[in-house]
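See structure below.
Number of protein chains: 2
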Amino acid sequence: MTPEFAQRMAGVRPSAIGELLALGAEPSIISFGGGYPDAALFPTDRLEAVFRDAIRTPGGAALQYAPSDGLPRLRMQIAALMTADGTPCTGDDVLILQGAQQGLDLAARMLVDPGDVIVTEDPTFLGALIAFEASQPAYAVVPMDAEGMQTDRLAEVLARTPRARMIYTVPDFQNPTGVTLSLARRHALIALANRHDLIVLEDTPYRHIRFSGAPLPTLKSLDTEGRVIHLGSLSKVLVPALRIGWAVAAPALLARMGLLKVAADTQTSTLNMTAASLFLDRHDLMSHVAGLRAAYARKRDAMLVAIRRHFPQDIHVTEPEGGLFTWATFAPGFDATAFMRDVALPQARVAYVPGASFFPQSPRPNHARFNFSARSEADIHTGIAALGRALHAHRFP
Amino acid sequence: MTPEFAQRMAGVRPSAIGELLALGAEPSIISFGGGYPDAALFPTDRLEAVFRDAIRTPGGAALQYAPSDGLPRLRMQIAALMTADGTPCTGDDVLILQGAQQGLDLAARMLVDPGDVIVTEDPTFLGALIAFEASQPAYAVVPMDAEGMQTDRLAEVLARTPRARMIYTVPDFQNPTGVTLSLARRHALIALANRHDLIVLEDTPYRHIRFSGAPLPTLKSLDTEGRVIHLGSLSKVLVPALRIGWAVAAPALLARMGLLKVAADTQTSTLNMTAASLFLDRHDLMSHVAGLRAAYARKRDAMLVAIRRHFPQDIHVTEPEGGLFTWATFAPGFDATAFMRDVALPQARVAYVPGASFFPQSPRPNHARFNFSARSEADIHTGIAALGRALHAHRFP
Chain X
1 MTPEFAQRMA
11 GVRPSAIGEL
21 LALGAEPSII
31 SFGGGYPDAA
41 LFPTDRLEAV
51 FRDAIRTPGG
61 AALQYAPSDG
71 LPRLRMQIAA
81 LMTADGTPCT
91 GDDVLILQGA
101 QQGLDLAARM
111 LVDPGDVIVT
121 EDPTFLGALI
131 AFEASQPAYA
141 VVPMDAEGMQ
151 TDRLAEVLAR
161 TPRARMIYTV
171 PDFQNPTGVT
181 LSLARRHALI
191 ALANRHDLIV
201 LEDTPYRHIR
211 FSGAPLPTLK
221 SLDTEGRVIH
231 LGSLSKVLVP
241 ALRIGWAVAA
251 PALLARMGLL
261 KVAADTQTST
271 LNMTAASLFL
281 DRHDLMSHVA
291 GLRAAYARKR
301 DAMLVAIRRH
311 FPQDIHVTEP
321 EGGLFTWATF
331 APGFDATAFM
341 RDVALPQARV
351 AYVPGASFFP
361 QSPRPNHARF
371 NFSARSEADI
381 HTGIAALGRA
391 LHAHRFP
Chain B
1001 MTPEFAQRMA
1011 GVRPSAIGEL
1021 LALGAEPSII
1031 SFGGGYPDAA
1041 LFPTDRLEAV
1051 FRDAIRTPGG
1061 AALQYAPSDG
1071 LPRLRMQIAA
1081 LMTADGTPCT
1091 GDDVLILQGA
1101 QQGLDLAARM
1111 LVDPGDVIVT
1121 EDPTFLGALI
1131 AFEASQPAYA
1141 VVPMDAEGMQ
1151 TDRLAEVLAR
1161 TPRARMIYTV
1171 PDFQNPTGVT
1181 LSLARRHALI
1191 ALANRHDLIV
1201 LEDTPYRHIR
1211 FSGAPLPTLK
1221 SLDTEGRVIH
1231 LGSLSKVLVP
1241 ALRIGWAVAA
1251 PALLARMGLL
1261 KVAADTQTST
1271 LNMTAASLFL
1281 DRHDLMSHVA
1291 GLRAAYARKR
1301 DAMLVAIRRH
1311 FPQDIHVTEP
1321 EGGLFTWATF
1331 APGFDATAFM
1341 RDVALPQARV
1351 AYVPGASFFP
1361 QSPRPNHARF
1371 NFSARSEADI
1381 HTGIAALGRA
1391 LHAHRFP
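So this is what it looks like as C-alpha cells:
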C-alpha cells in the first residue's frame, strides 16, 4: 500500500542536514556539530550507586509504574532547585517530562491551531522547530543582537501578527547563538506578552552553565499573569541519558500538559526518576555544575582563542557567557553548508552545524554553530586550526 | 490570564474514573484496578548487574545521547525476538519507542485527520482512546465475543464508514476483556483491511503472557500489503520502569513515526536501552517469561475460582488464556461505577476498574475489569470474597 498521511505530516520532514551531520559522526572527523555535554565529566560512580539503590527499593517500586506527572519527591526537589534559582514554586507546579524536548511538543499541541503563529528568535533552536511542526504553526521571527531577541522588533512583529499565540525563547546562552537575553529585554518581553495576551515558552537547558557575569532572573520569575511555561532539564547538568526534563507553569496550563503527557507516553521512566531523586538527595547538584562550568569555560576559551588565531579576521563569532555554543558569521555570499560538504568534511576533517537550518523562514547560508563542550581542548585546537587553514585556502586559493 | 487552548484539546479531558482510581491506591484497599505486573517477579539482581555495567560503558556512551530511532543493537535484538515469534524482520524494521503507548499517539498523529474514523473493539483499551484523542478522531466500534472482534460486524461497520482510516486491536488477551482474536478472524481482519485500504494498529503488550493454548500468528505476520503497524513492549515481560516499547512497520510508515519520535522527545533513555540490550544479551527473555506465565496462570485460576465461589451466579466473567485481566458482566441495570463508589470501596475495601470508560461511544455501566497479576493469591481470595459478600448484600439487602 501507499499510505495516505494526515495533513499535519506535511511539514514533518527529515532534517535537511541529517545526512551531512551523519558524516560528522565518523571517528576520524573532529565534530563540533552535536550539542553534547562532555562524557568525561559524567558522575559515573555516583550514578552507579543511585541506580543500584533505586533498583533495590523495597517492593520494587522503582521498577514499577509511577504517577504520570512524575514522582512526587522528584517534583519537590525540582521545585526546590527552581526556588533556589529565584523562581519560587512547589512540587505541584512541576510536571516531569521526557526531556525538555517533550515540553516543546506538548506546549505547541496544547496551544497552536494550524496557522497560528509561533514567534521565535531568528535563528532559533532547530529541535523546537521540529517539535512544533506537527502542530502546523506559522512562524514570525525576531532578529537578535548581542543582548538577545530585539524586543523593539518583537513589538513591531506582534503589532502586525494578530494570530501570534506564543513566543518561544532560549533566554540563557541561546542555541545556536550562545547569546543571553538582557535584563531590560526580559522585562520588555514579559510586558509585550501581557499586552498581546500571549504565552511565553521559556526553554532553559543551559541556564546553569554560566562562566561569567551574574545570573539573570528567569522569565518565569518575572511573569505576573501566569503566561510563562518554563522548561528545564537535567540533560546538560547531569546526563542526557536520563531523559528528565520538566515544565513549571500555571495550574490550568500544567494540568493540560499533564493530560497530553499521559496520552503521549504514560510517564517518564520510574527508575530514572528514582535515581535522579536519590542523586539530588545525596549530592549538591550545583557543586557538580560548578565543575562543569569551570571545564566548559576553559573549552570556550580554547575555542575562541583558536578561532581568533586561525580563522580569517572577517569571520565574527559570539563570545558566550555560558552554554555549549558559539555562532560564526561568515562574509556575505559564503555558503557554510556547501563549504562543509566540499571542504570541511573531506579536507579539514572537521564538522560543525551549518547555520541555515536554524532560521524558521529565510535561511541565511553564511553562519555556522560550533559546539565547544563535547571535545577535548586538544581536539578544539587541532580542529579549529585545520578548519582555519581550509578557510584561508578557500579565500586565497 | 485565562488561556485559550488549541481545538485539538477539546477531547483531551481528565479521565472520568481518575478520582475513583486514586481512592483505590490507598494501602487499606485491595485493588484489582491497575494493569500492573507483579513486582515480586522483577529480576532485580539481573537488572542491577546490567545497569551497573551499562553505566560503566567505556566513554560514558550509555549516559550520552543516542540515535533517536534507538540503539542499533537493541533494534536487532527486538527484531530477533519478533522473528522467533513468527514475524520475521530486521533491526531496520524496528523503531524504539517510549513504551508502546508512544506508538499509539504517534500512529494516530501520523494517520488521522480530525474527523477520520478509528475502528476499535468495543470495549477497548482506555489508554489508546486517551492517546488518540488529541488527533481528533471519530470512532466506529465493533462488538466482541469469546473469539474477539466480530469480523462479520467489522465488515458491516466498514461498509458504512467511508472515513475509516485505521483498525485498532489488541488481539492477544485484550485489555479490558482478556479475550483473544481467533485465527480465522485474524485472517478475516487482514482481508478487510486490504479490501478497504486501511491501516491496522496491532497492540501486543500481553502477547507472551500465555497460560494455555497455542500462540496465534501476529497480524503483522499475516500482513501481505504492509498495512500493519505492530506495537510491542518490555513493560509486562521485563519491567514497566524501562519505558521501552517498539513499532515494526513498513519503511514509509516507520520513517514517519521516527520523525514524530524525534519531535516528541528526541529519544528513549540511552541508559535504559543499553541495560535492556545487555539483559537480552545475557539472559533468555522467554525463560524469564515462562516464570511469569506460571505465576500469573496461578493468579488467574485463584481469581476465577474465588469469583465462582463468592460472586452471585448471574455475573459472567471471561476465562482468559493469558494476560492480566478478566472482564465481568453484571446484570443489566447494574452500575459498576456507582457500586464501586458506594459499596466496594467504602465497605468491601476493594477496587476494580468500572467498565464504562472502555467503551468509545456508548458506555455500558454493567461491566468491570479485574486485574489478577498485581496482587498475591491471598489478597485475591480475600478481596474477591469481600466483594462477593457486598454483591450478595446489594442484591438481597
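Chains as they are written, first to last, in this note's numbering: chain X, 1 to 397; chain B, 1001 to 1397. Using N, Cα and C, we set each Cβ at its ideal position, and we do this for glycine too. All values derive from a computational prediction rather than experimental measurement.
- Message: Along the segment 1003-1020 of chain B, where does the CB come closer than 9 Å to a CB of chain X? Name the residues.
- Response: Pro1003, Glu1004, Phe1005, Ala1006, Gln1007, Arg1008, Met1009, Val1012, Arg1013, Pro1014 and Ser1015
- Taking C-beta to C-beta, are B:Ala1328 and B:Phe1370 nearer than 8 Å? Working through the second sequence from its first residue, we reach residue 1328 of chain B at position 328. Working through the second sequence from its first residue, we reach residue 1370 of chain B at position 370. Cβ distance < 8 Å, so B:Ala1328 and B:Phe1370 count as in contact.
- C-alpha distance - X:Leu183 paired with X:Gln102, whole-angstrom precision: Along the first sequence, read from residue 1 onward, the residue named residue 183 of chain X stands at position 183. Along the first sequence, read from residue 1 onward, the residue named residue 102 of chain X stands at position 102. One C-alpha to the other measures close to 28 Å.
- Message: Any beta carbon from chain X within less than 8 Å of B:Phe1051's own beta carbon?
- Response: The count along the second sequence starts at 1 and reaches residue 1051 of chain B at position 51. By this cut-off, B:Phe1051 is an interface position.
- At 8 Å on the CB atoms, spell out the chain X contacts of B:Met1110, in chain order. Numbered from 1 along the second sequence, position 110 holds the residue referred to as residue 1110 of chain B. Neighbours of B:Met1110 on chain X, chain order: Phe5, Ala6 and Met9.
- When DSSP labels each residue in this structure, what does B:Leu1201 get in the three-state scheme? Your numbering for residue 1201 of chain B matches position 201 in the second sequence. Strand, per DSSP.
- Query: Shortest alpha-carbon distance to X:Ser269 belongs to which of X:Pro215, X:Leu63 and X:Ala348?
  - Reply: Position 269 of the first sequence, counted from the start, is the residue given in the question as residue 269 of chain X. Comparing Cα-Cα distances from X:Ser269 to each of X:Pro215, X:Leu63 and X:Ala348, the minimum goes to X:Leu63.
- Query: Straight-line CA distance for B:Pro1058 to X:Ser28?
  - Reply: Stepping through the second sequence from its first residue, residue 1058 of chain B is reached at position 58. Stepping through the first sequence from its first residue, residue 28 of chain X is reached at position 28. So the two alpha carbons sit approximately 18 Å from each other.
- Task: Go to X:His401, then tell me how far its beta strand (DSSP E) extends in each direction, as first and last residue.
- Result: An answer regarding residue 401 of chain X cannot be provided, because it is not within the stretch 1 to 397 covered by chain X.
- Query: Since B:Gln1064 meets chain X, which of its residues come closer than 7 Å, beta carbon to beta carbon?
  - Reply: By 1-based counting over the second sequence, the position of residue 1064 of chain B is 64. What B:Gln1064 touches in chain X: Tyr36, Ala39, Pro240 and Ala241.
- Message: Just to confirm my understanding: we take X:Asn175, look at its own chain, exclude 5 residues before and 5 after, and list those with CB closer than 7 Å. What are they?
- Response: For the purposes of this step, residue 175 of chain X is identified with residue 175 of the first sequence, where counting begins at 1. Same-chain partners within the cutoff: Gly35, Phe125 and Phe325.
- Smallest Cα separation from B:His1283: which of B:Phe1005, B:Pro1043, B:Gly1018 and B:Ser1031? Locating residue 1283 of chain B in the second sequence gives position 283, counting from the first residue. Checking every option, the nearest Cα to that of B:His1283 belongs to B:Pro1043.
- Query: If we call anything under 8 Å between Cβ atoms a contact, is X:Arg207 one with X:Gln98?
  - Reply: As a position in the first sequence, residue 207 of chain X is number 207, starting the count at 1. As a position in the first sequence, residue 98 of chain X is number 98, starting the count at 1. Going by C-beta atoms, X:Arg207 is not nearer than 8 Å to X:Gln98.
- With DSSP collapsed to three states, give me the class of X:Ser68. On the first sequence, position 68 is the one that residue 68 of chain X refers to. If DSSP states are grouped into helix, strand and coil, X:Ser68 belongs with coil.
- Task: Closer than 7 Å by C-beta to B:Ala1386: which residues in its own chain qualify, once you throw out the five before and the five after it? Chain order, please.
- Result: By 1-based counting over the second sequence, the position of residue 1386 of chain B is 386. Correct list, in chain order: Ala1348, Arg1349 and Val1350.
- Residue-chain proximity (X:Val262, chain C), Cβ-Cβ < 8 Å: Within the model displayed, chain C is absent; protein chains X and B are what it includes.
- Find the residues of chain X that neighbour B:Arg1227, judging by a C-beta separation of less than 7 Å, and give them in chain order. Sequence index remark: in the second sequence, residue 1227 of chain B carries index 227 (1-based). Simply Met1.
- Going by DSSP, name the residue or residues bridged to X:Pro354. Here residue 354 of chain X refers to the residue found at position 354 when the first sequence is read from its first residue. Answer is X:Ala368.
- Task: Counting only the same chain and skipping the five closest in sequence on each side, list residues whose C-beta sits under 6 Å from that of X:Val228.
- Result: Taking the first residue of the first sequence as 1, we reach residue 228 of chain X at position 228. Result list for X:Val228: Val200, Glu202, Leu219 and Lys220, in chain order.
- C-beta neighbour in chain B for X:Ile29, strict 8 Å: Numbered from its first residue, the first sequence carries residue 29 of chain X at position 29. No, X:Ile29 does not count as interfacial toward chain B.
- Task: Note down, in chain order, all residues in the segment 1121-1155 of chain B with a beta-carbon under 9 Å from any beta-carbon belonging to chain X.
- Result: Gly1127, Ile1130, Ala1131, Phe1132, Glu1133, Ala1134 and Ser1135
- Between X:Asn272 and the rest of its own chain, which residues show a CB-CB distance below 7 Å, the 5 nearest in sequence each way excluded? Residue 272 of chain X sits at position 272 when you count from the first residue of the first sequence. So the list reads Leu242, Arg243 and Ile244, once near-sequence residues are dropped.
- Item | Near-chain B residues of the segment 195-210 of chain X (beta-carbon distance less than 8 Å), N- to C-terminal order | Asp197 and Ile199
- Should X:Leu253 be flagged as near chain B, meaning a C-beta pair shorter than 8 Å? As a first step, residue 253 of chain X is located in the first sequence; it is residue number 253 there, counting from the start. Closer than 8 Å: yes.
- Query: Grouping DSSP H, G and I as helix and E and B as strand, with all else coil, what is X:Glu121?
  - Reply: Position 121 of the first sequence holds residue 121 of chain X. Strand.
- Compare the C-beta of B:Arg1446 with all C-beta atoms of chain X and state if any pair is closer than 8 Å. What is shown of chain B runs 1001 to 1397, which leaves residue 1446 of chain B out entirely.
- Is it the case that the Cβ atoms of X:Leu106 and X:Leu285 are separated by a distance below 8 Å? Here residue 106 of chain X refers to the residue found at position 106 when the first sequence is read from its first residue. Here residue 285 of chain X refers to the residue found at position 285 when the first sequence is read from its first residue. In this structure, X:Leu285 does not lie closer than 8 Å to X:Leu106 by Cβ.
- Query: For the alpha helix (DSSP H) that contains X:Pro363, what are its first and last residues?
  - Reply: For the purposes of this step, residue 363 of chain X is taken as residue 363 along the first sequence, with counting starting at 1. Unbroken run through X:Pro363: none, as it is neither H nor E.
- Give the secondary structure of B:Met1166 by DSSP, where H, G and I count as helix, E and B as strand, and everything else as coil. By 1-based counting over the second sequence, the position of residue 1166 of chain B is 166. Strand at B:Met1166.
- Query: Residues of chain X with a CB under 7 Å from the CB of B:Phe1358: which are they?
  - Reply: For the purposes of this step, residue 1358 of chain B is taken as the residue at position 358 of the second sequence. Result: empty, since nearest Cβ-Cβ is about 16 Å, beyond 7 Å.
- Task: Can you grab the Cα-Cα spacing for the pair X:Pro365 / B:Leu1154, in whole Å?
- Result: For the purposes of this step, residue 365 of chain X is identified with residue 365 of the first sequence, where counting begins at 1. For the purposes of this step, residue 1154 of chain B is identified with residue 154 of the second sequence, where counting begins at 1. Cα to Cα, the separation comes out at about 54 Å.
- Would you please verify whether the beta carbon of X:Phe279 is less than 8 Å from any beta carbon of chain B? Numbered from 1 along the first sequence, position 279 holds the residue referred to as residue 279 of chain X. For X:Phe279, the answer is no, since every Cβ of chain B falls outside 8 Å of its Cβ.
- Mind listing, in chain order, the continuous alpha helix (DSSP H) runs of no fewer than 4 residues lying wholly within the segment 1094-1118 of chain B? 1099-1111
- Could you tell me which residues DSSP puts in a beta bridge with B:Asp1145? The residue given as residue 1145 of chain B occupies position 145 in the second sequence. DSSP, once it has assigned bridges, lists B:Gly1148 as partnering B:Asp1145.
- CB X:Ile209 to CB X:Tyr296, shorter than 8 Å? Stepping through the first sequence from its first residue, residue 209 of chain X is reached at position 209. Stepping through the first sequence from its first residue, residue 296 of chain X is reached at position 296. Cβ distance < 8 Å, so X:Ile209 and X:Tyr296 count as in contact.
- Members of the segment 1092-1111 of chain B that neighbour chain X once the beta carbon cut-off is set at 7 Å: Gln1098, Gly1099, Gln1101, Gln1102, Asp1105, Arg1109, Met1110 and Leu1111
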